[in-house]
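If you read the sequence shown in my numbering, its first letter stands for residue 503, the second for the next number, and so on. Beta carbons are placed, not taken as given, at the ideal position from N, Cα and C, and that holds for glycine. Since we're looking at a predicted model, the values are computed, not measured. Okay, so here's the structure we're looking at.
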Amino acid sequence: MGREPELRAVLDCVDSAPATGLVVVQVSGEPGIGKTSLLAELARRLEERHCAVLTSASDVLGKRIPYGAVVALIRSLAAHDKIRADALQALEVSGNEDSGAWFGRACDRVVRLLTELTATRPAALLIDDLDHVDDDSLALLTLVLRRVSAAPLVLVTASRPHLGEAGDNLLDRVEQHAEVMRLQLAPLSGADVARIVEAVLQTSVDDALAREVQQRSDGNPFFVTEIARSLRELDLVTVDNNRARLAVSPNAIRLTRREAVLRRVAPLENDTRLVARAVSVFRRVRLDQISLLARVASLPEETVVGAFDELLRAHIVVHDDERGYRFSHALVGEALYHEVGPAQRRHLHSLISARLLEDRAQGLAVDLLQLAWHLAESAAPGDRMAVAVLAEAASVARATAPETAAALCAKALQLLPRNAPERSELLALQCRVLARASRPALAIAPGLAALEFLEPGQERTRVATAVISSLFSVGRTAEAMELADEEVARGPVPASLEAQRAVLLVYNDRHDDAVTEAARIEALPISSPAEGVIVFEHLAMLSSLLFQHDRTVEHANRALSYSDGQPMLELQALSVCASITSLAGLVHDAEWRVRRAEELVDQVGSHGFRAERAASRVALDWLGGRWDAALDGIGRWLPDVEAAQADQALGVLHAIELSIRTWRGELDVAARLASLPAPQSVNISKLHAAALAEYLIARGDTDAAYQLLGDAIGSRLEAAYSCVLVARMIELDLERGHEDKALEALKKLAEVSPTRVSPWSRTTIRRVTGVLQQDADLLREAVSEAALGGLEFEKARAQLALGEVTDEEVPTLVEAYTTFQRLGAHGLRRQAGNRLRTLGAKVPRARSKAPGLLTEAEENVARLVQQGMRNRDIAAALHYSPRTIEVYLSRIYAKLHVSSRLELARVLDAMQQR
503 MGREPELRAV LDCVDSAPAT GLVVVQVSGE PGIGKTSLLA ELARRLEERH
553 CAVLTSASDV LGKRIPYGAV VALIRSLAAH DKIRADALQA LEVSGNEDSG
603 AWFGRACDRV VRLLTELTAT RPAALLIDDL DHVDDDSLAL LTLVLRRVSA
653 APLVLVTASR PHLGEAGDNL LDRVEQHAEV MRLQLAPLSG ADVARIVEAV
703 LQTSVDDALA REVQQRSDGN PFFVTEIARS LRELDLVTVD NNRARLAVSP
753 NAIRLTRREA VLRRVAPLEN DTRLVARAVS VFRRVRLDQI SLLARVASLP
803 EETVVGAFDE LLRAHIVVHD DERGYRFSHA LVGEALYHEV GPAQRRHLHS
853 LISARLLEDR AQGLAVDLLQ LAWHLAESAA PGDRMAVAVL AEAASVARAT
903 APETAAALCA KALQLLPRNA PERSELLALQ CRVLARASRP ALAIAPGLAA
953 LEFLEPGQER TRVATAVISS LFSVGRTAEA MELADEEVAR GPVPASLEAQ
1003 RAVLLVYNDR HDDAVTEAAR IEALPISSPA EGVIVFEHLA MLSSLLFQHD
1053 RTVEHANRAL SYSDGQPMLE LQALSVCASI TSLAGLVHDA EWRVRRAEEL
1103 VDQVGSHGFR AERAASRVAL DWLGGRWDAA LDGIGRWLPD VEAAQADQAL
1153 GVLHAIELSI RTWRGELDVA ARLASLPAPQ SVNISKLHAA ALAEYLIARG
1203 DTDAAYQLLG DAIGSRLEAA YSCVLVARMI ELDLERGHED KALEALKKLA
1253 EVSPTRVSPW SRTTIRRVTG VLQQDADLLR EAVSEAALGG LEFEKARAQL
1303 ALGEVTDEEV PTLVEAYTTF QRLGAHGLRR QAGNRLRTLG AKVPRARSKA
1353 PGLLTEAEEN VARLVQQGMR NRDIAAALHY SPRTIEVYLS RIYAKLHVSS
1403 RLELARVLDA MQQR
C-alpha cells in the first residue's frame, strides 16, 4: 500500500530499456520501509508483461557464499534450461583452475544468458538487500552488466541507505554505462498508514488511532503492521459502531518499534522463544541441523522439533527453497539476535563452531565457509584452530572467489598476535589473492609485510613477484625497481624475477643496464616450462622496448616453445607476446598469435589473459585500418580491462580511441579521453603522447603539442615510439616554416634509423624524410613498406605525401582518398581531395553507409549508438540536446525497422559487412 507512484516510476524505466539499453534503479530505505514488497510486486507485474525476471535476496550469511547472489538470480529463472544450466555450471567454484580463466568463462556464460533473454523482450534483475550481496557476485555483476549495457535490461536493487564499498563500486561503475534512477522510499502518509491498520484490525479506524500508529512507527509499513497487531493482542483498541479506536490514553501505551517486533514471539512458549533465538544465530537452518539447534538452545531435541514447527505455523520462520529455513523478515531475526546479548551470541556461535568441528573431525560433510563464519564471530584472539580454519577456507576460495578469500585472511590476521609466526604465511596468502582479484593497490601492504618475515625460497619469490607486479600496475615503478634490486641482492633468485627486474630497468631509464642484463638472463637455467614462458615473454617485452624487434619475435617464439604443449601456458605465451608485437607494429606476427590464441580459447574453454588479447586485437584493427571494428572492440572489452585493473591495456585502448576520434574530427568525444590521466607505463605513455599531441593540433594548440612531443622523446631517442614522435615534430616544424629545426631533427632520426626494423618505424622514417627532401622514391618505399607491414592508415598517409610531391601518382592519391573516406579521417580525405582537384582529377563521390535510408545527421547518431555511447554522450558530442537524440533515434528505428539499440547495432554491423 502507498507505493503505487514508486512502482509506476520503476515500470516507466522498464519501458524505456529497449530504447536506452541498461537501466539501473536503486531503491533505498530503512529496514521495513517496503523495499522487499515493492520488488515482489514489481516482479509480479513484469511477469504479467511477459518480461524475463530474475530475482535474488541476500542476508548476513549469504554474504559469505561466493557468487551466491548470481547463482540465486539464475536459479530463479524458469525457462532457457540449457543456457541456464551452462551458466550455473560455469559458476561452480573449483579450486583446480586458474582464477582468470574461471572468472572469464563464468562472465561469458552469464553474458550469453542475459543476451539470449533480451533478444526478443526486456529482462529485469531484481536484487534485494544489495548491502548483503557477496563481494564476488558484485565483482562479476560489475563486469557482466557493462558488457550487456546495450541490451534492454533493467537492474533494480534494494538496500539500506548506506551501502558498503563493494555495493557502491558496482553502482558507480555501472552508472557510466546506464541510465540511473535513485528511489528513496519515504515514510507512508497518514492515509496509507490508516489503510494498513484497517487491514490488520479488519475494520475502519478513527483518526486518533491512525495518527498514534503513524507516530510510533514513523510511517514504516512493517512497524505499522506490528504495532497495530500488538495493540489488538494487548486489547488496547476497542471497536464502536464498526470503527476502531484506542481503549486507553496514548500516554499509557509502552510500545516501541523494537518491542512491537519482539511481541511477534512474546505469545510463544518460553521454549519456542529460546529456539527462535537460537535460529537467529544460525540465520538459516536446515532440518538436518535440528540436533545442533537443540544443543545451542540447551533443550531436548523433541522439544526443539515441536518449537520449530510452532515457529513455522506462526509464520515467524519460513521455508526458503533449497537454502533451508529463515525468518519471515530480517528485522525479526535481527531483533532476536540483538536480544540475545553480545556475550551470549559469542557463546552460541562458539557452540555451533565446536559442533561443526567435531563433525568434521569424524569425517562428516561440513560447509567450510559456514564454519569459518561462526569461528570468525566467536574465536578469541590467539585461537590457532580458528586461524587455521579461516586460512584453509581462504585457500579453498582463493582460486575462484578471491574477494572472499581476502576477507577471510583479514579476519584470521585479526586473531593472531603481532609476533605470531603464522602471520607471514597469512599475509603472503592475502597479498596473492588480492593480486589475483585484480586489487594491486591493496595487495602491496600485506605483501611487503610478509616479505619482512619470509625466508628465501619459493613462497618468498611468489610474494615478491606479486608485489613487484602490483607496484608496477599502479605506476610505482621506482619502488618496484628497488624491491627487485633488494631481492636480487639477497641471493640467488629465479630467472623469472631477474627478467621482471630487467624490464623495470628500462622503465627507470637504465637502458644500458637493461641491455647487459638481457644477454645474461637469456643464458640462465630455466627450472620449468612455466618459468620459461615468463622469462622469454619478459625478454620479448624488453627487446621491444629497446627496439630490437628481430629479437622480440625470437624471444616470443621461445616463450611459445617453452609452453611444452600445455594449453594454459601456450595461451599465456601467445596472448602476452601478441600484445607486445602488435604494439610494436609487427602486424603479421601479432595476427597469427592472436588468431592461434583465440582458437586455443575455444578449445580449452579458458578466458585468461583477456586484457592482453583485447589490446592486441584493438591495436591490430587500428593499424590495419579497421577503425569501426577497433571502436567496437574498445566498447566491448573496456569493462573487462577496467575490471582487471590492467593499466597497460587500458592505456592502449584509451590512446587508440583518442587517436581515432581525433582523426575523425569527433573532438568533443576526444576531449573526454584527452582529459584522462596519462598512462604510467613508459611505452604506452608515449603512444598516448602521440595521440594527445594530434588532438592538441586539431584544437589549434600546436605549441602545446610541440612541447608535449619534445618532452616525450628523450634525449637519445631511446623512448618508445620515438620515430613517430620525432616525425610529427618534423611535420610541425615544416608547417611553421622552421625548416632548419626539421633538418636537425631528421639528422637525429637518421642516426637511429639503422636500429629500427619494425615496418611502422621504417615507414615513418621514409615518409617524413621523403617529405622533407621531396623525394618521391623514398615515399614510394614508405608506401611499399606500409603495405607489406599491413599498416593501412600509414600506407594512406604515405600515399598522400607521395601525391603531393609528384603530379604522376593520381591513382595512388585516389586510393589514399578512398582509404581516408572509409576510415572517416575526413581532414585527410579533404586534403587528398583538394590535391586531386588541383591536378584536375576526378574526386570519388562519398558513399553513405545506408544509402537512401538515413540522412547524414541520422547516420552520425546511429554510428555513435553502434559504438556503445549513451544518449547524453552522443548529445554532447554532436551538440544536440538529449531530447533531439531521442527524436533522431525514433526516426532511425522506424527507417531501419528496429526497436532497440542492440538491434540497431546488429543492422549497422551487417551493412558494413556487405
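Close-in-space but distant-in-sequence residues of the same chain around Ala1091 (CB under 7 Å, 5 per side omitted): As written in the sequence, residue 1091 is Asp, which differs from the Ala given in the question. These residues qualify, in order along the chain: Val1055 and Thr1083.
Beta-ladder partner(s) of Asp610, from DSSP: For Asp610, which the question treats as bridged, DSSP gives no partner whatsoever.
Residue burial classification, Pro1353 (beta-carbon count within 10 angstroms, cutoff 16): With a pLDDT of only 44 at Pro1353, under 50, the local geometry of the prediction cannot be trusted, and no value is derived from it.
Start and end residues, beta strand (DSSP E) containing Val715: Where Val715 is concerned, there is no enclosing beta strand (DSSP E), although the alpha helix (DSSP H) it sits in stretches over Asp709 to Ser719.
Delimiting residues of the beta strand (DSSP E) encompassing Phe829: Tyr827 to Phe829
Leu973 - DSSP class collapsed to helix/strand/coil: helix
Pick from Ala1117, Leu1169 and Glu1360 that is closest to Ala1086, judged by C-alpha positions: Ala1117
Own chain residues within Cβ distance below 8 Å of Val650, not counting five before or after: Leu524, Val613, Leu616, Thr617 and Thr620
Local conformation of Gly1354 per DSSP, three classes: Bear in mind that the predicted position of Gly1354 carries a pLDDT of just 48, short of 50, making it too unreliable to give a figure here.
C-beta atoms of Val935 and Ala907 nearer than 8 Å: yes
Residues near Glu1388 in its chain [Cβ-Cβ closer than 6 Å; skip 5 each side]: none
Assigned secondary structure, His679 (DSSP; H/G/I helix, E/B strand, else coil): coil
For Ile535, three-class secondary structure by DSSP: coil
Distance cut-off 7 Å: Ala1075 Cβ against heavy atoms of the ligand SAH: Within the structure as shown, the ligand SAH is missing, as the structure has no ligands at all.
Separation of Leu672 from Arg713, as counted between CA atoms: 40 Å
Separation of Asp633 from Glu1358, as counted between CA atoms: 47 Å
At least 3 beta-carbon pairs within less than 8 Å: the region 571-590 vs the region 512-522: no
Proximal residues to Arg1238 (C-beta, below 8 Å), its chain only, five neighbours per side dropped: Thr1204
For Pro904 and Arg938, the rounded distance between their alpha carbons: 7 Å
Collapsed DSSP secondary structure at Ala684 in the structure displayed: First, the amino acid is wrong: residue 684 is Arg here, not Ala. DSSP places Arg684 in strand when its eight states are reduced to three.
From Ser1161, Ile1162 and Trp1139, residue whose alpha carbon lies closest to that of Leu1152: Trp1139
N- and C-terminal bounds of the alpha helix (DSSP H) containing His1328: His1328 to Thr1340
Check whether Arg1230 and Ala1192 have beta carbons under 8 Å apart: yes
Where the beta strand (DSSP E) through Val555 begins and ends: Ala554 to Ala559
Backbone secondary structure at Thr659 - three-state DSSP: strand
With 16 other Cβ atoms within 10 Å as the buried cut-off, status of Lys1418: The structure shown does not extend to residue 1418, since the chain spans only 503 to 1416, so no value can be given for it.
Residue environment, Met887, which counts as buried when at least 16 other CB atoms sit within 10 Å: exposed
Ser1118 - containing alpha helix (DSSP H), residue span: Arg1112 to Leu1125
For Asp811, three-class secondary structure by DSSP: helix
Expected contact under 8 Å - CB spacing of Gly452 and Phe724 to nearest Å: No answer is possible for residue 452: the residues shown for the chain start at 503 and end at 1416.
DSSP-derived helix/strand/coil call for Gln528: strand
Residue nearest to Leu1227 in terms of C-alpha spacing, selected from His1240, Leu1194 and Arg1201: Leu1194
Chain-order list of residues whose beta-carbon lies under 8 Å from that of Thr821 (same chain, five-residue window excluded): One point to set straight first is that residue 821 is His, not Thr, in the sequence displayed. Result list for His821: Leu814 and Tyr827, in chain order.
Reference Leu858, options Tyr1064, Val891 and Leu1410, closest by Cα: Val891
Beta carbon of Gly1126 nearer than 8 Å to that of Gln1369: no
Same chain only: Cβ atoms within 7 Å of Leu643, ignoring 5 sequence neighbours per side: Val572 and Leu672
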